[in-house]
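Here's the structure we're looking at; comments come further down.
This is the structure:
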């Protein structure tokens, strides 16, 4: 790819047998069809891909409620609750996110990523999996630091594979339906990761004390419910951040000229970082870590040209929104220096990687600082090469590339 040309990314030709991956591929495939010719639905769900309809959904969470179906089997959290239940959960963690998202925290975030990369990647040619683990460790440390904690993150990171697999199964069954027996079995399986998380917290008193304190805030919550919310916050934040960084690594490795330009800017103490910021946001546009969300109409209403009845489900496609032909120049191409992300450009209503409205991502500021800090360090200290073919990917809670043997990483001296 050239610095401002073709887009790396999955295509309908990428083979996959996984149900959720097929859903994501279907959303990508829709963007290659003129909007007027696309089917209105994907399965039984109405698909929304325009800024106006997206705003209508995201600005009215009482009318378009979150619907996580069986994924909520992990327990109540700010991600799957609505109305008063959500309002009772959100402040317990949001105060920590607001403090940690201040610009003054940028240096601490960068220091954590620098420490992990220096300590855990001593090899001259580290593997892609090794880099991903290091990035996840750094993101976990930053998550806990937001609450004033410095635990050993290894026991928590060890559970991510199990969590990812369980989330994928819960989403698949939510789409395809499940018998009562299957639902009971899945709820039992979902309870195990939470129990493992609680055990890991109990082994580290400072973490356990924090969750206990958050649970005691008025109105008081059962400790298990607070643990479920804390675990979901942790998992969602680390998964989306590391998925975004993995896509950046893959994109960097596809264009040596772009990579050199990013490195030069990252090493320039007087630089404004405009290319780094544009590249970061272009990766979030093309490879949104959350490719879609599902909402449920809580009353009869009209969405764009569509009448909805209470209980109807709507799929908001970030894949489609981020490629809306009326909002982007050359929307299907990857432009590292995209005009829409140039300094001084107005906010684009079709760019919502963190969603928007009252239910927008509470950790957005932290995530943006993490992505910027990690990107600078990665291009300064490593050279990346990616395979020529389109990247394979997987989707559970986050949309991520499968970095593997074809990705070569070399530490720079």
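Numbering (this note's numbering), first residue to last: -11 to 401. Ideal Cβ positions, reconstructed from N, Cα and C, are used throughout, including at glycine.
- Bridge pairing for residue 383: 387 [DSSP].
- Taking C-alpha positions only, residue 230 is separated from residue 320 by approximately 24 Å.
- Using a Cβ distance threshold of 8 Å, residue 14 and residue 30 count as a contacting pair.
- Its Cα nearest to that of residue 355, the residue 88 stands out among 323, 12, 346 and 88.
- Residue burial annotation: residue 155 is buried, with at least 16 other C-beta atoms found within 10 angstroms of its C-beta.
- Looking at the backbone, the Cα of residue 121 and that of residue 188 are separated by about 19 Å.
- Taking C-beta atoms as the reference points, residue 185 and residue 215 count as a pair closer than 8 Å.
- Residue range 289 to 291 is occupied by the beta strand (DSSP E) that includes residue 289.
- Apart from sequence neighbours up to five positions away, the residues of its chain that approach residue 264 with a beta-carbon distance below 7 Å are 250, 253, 254, 360, 363 and 364, ordered along the chain.
- Straight across, the Cα-Cα distance linking residue 277 with residue 262 is about 22 Å.
- In the DSSP assignment, residue 294 is bridged to 291.
- Excluding the 5 residues flanking it on each side, residue 383 has same chain C-beta neighbours closer than 6 Å at 8, 9 and 12, in chain order.
- Note that the C-beta distance between residue 241 and residue 381 is not below 8 Å.
- Counting C-beta pairs closer than 8 Å gives fewer than three between the region 57 to 72 and the region 328 to 338, which falls short of the contact rule.
- Contact between residue 345 and residue 49 holds, since their C-beta atoms are separated by about 7 Å, short of 8 Å.
- Within the DSSP bridge table, the entry for residue 303 names 35 and 282 as partners.
- In the DSSP assignment, residue 398 falls within the unbroken beta strand (DSSP E) covering 396 to 399.
- At a cut-off of 3 residues, the continuous stretches assigned as beta strand (DSSP E) that sit fully inside the region 214 to 288 are 280 to 285.
- Spatial neighbours of residue 369 in its own chain (CB-CB distance under 7 Å, excluding positions within 5 residues in sequence) are listed in chain order as 105, 399 and 400.
- In this structure, residue 283 lies near residue 52, with their beta-carbon atoms less than 8 Å apart.
- Per DSSP, the continuous beta strand (DSSP E) segment holding residue 53 begins and ends at 52 to 54.
- Between residue 267 and residue 313, the C-beta spacing is not below 8 Å.
- Counted as a single uninterrupted DSSP element, the stretch harbouring residue 67 is not any alpha helix (DSSP H), since DSSP gives it neither H nor E.
- Every alpha helix (DSSP H) stretch that sits fully inside the region 131 to 164 and reaches 4 residues is listed by chain position as 142 to 145 and 148 to 164.
- In the same chain as residue 143, and ignoring 5 residues on each side of it, the C-beta atoms closer than 8 Å to its own belong to 188, 191 and 192, in chain order.
- Residue burial is scored here from C-beta neighbours: residue 269 has at least 16 other C-beta atoms within 10 angstroms and is therefore classed as buried.
- Counting only unbroken stretches of 4 or more residues, the alpha helix (DSSP H) elements lying wholly within the region 72 to 137 are 94 to 108 and 116 to 133, in sequence order.
- When the beta-carbon positions are compared, residue 100 and residue 126 come within less than 8 Å of each other.
- Secondary structure at residue 343: coil, using DSSP grouped into helix, strand and coil.
- Contact between residue 291 and residue 302 holds, since their C-beta atoms are separated by about 7 Å, short of 8 Å.
- If you check the CB distance, residue 82 and residue 357 do not come in under 8 Å.
- Nearest to residue 388 by alpha-carbon distance, out of 322, 375 and 233, is 233.
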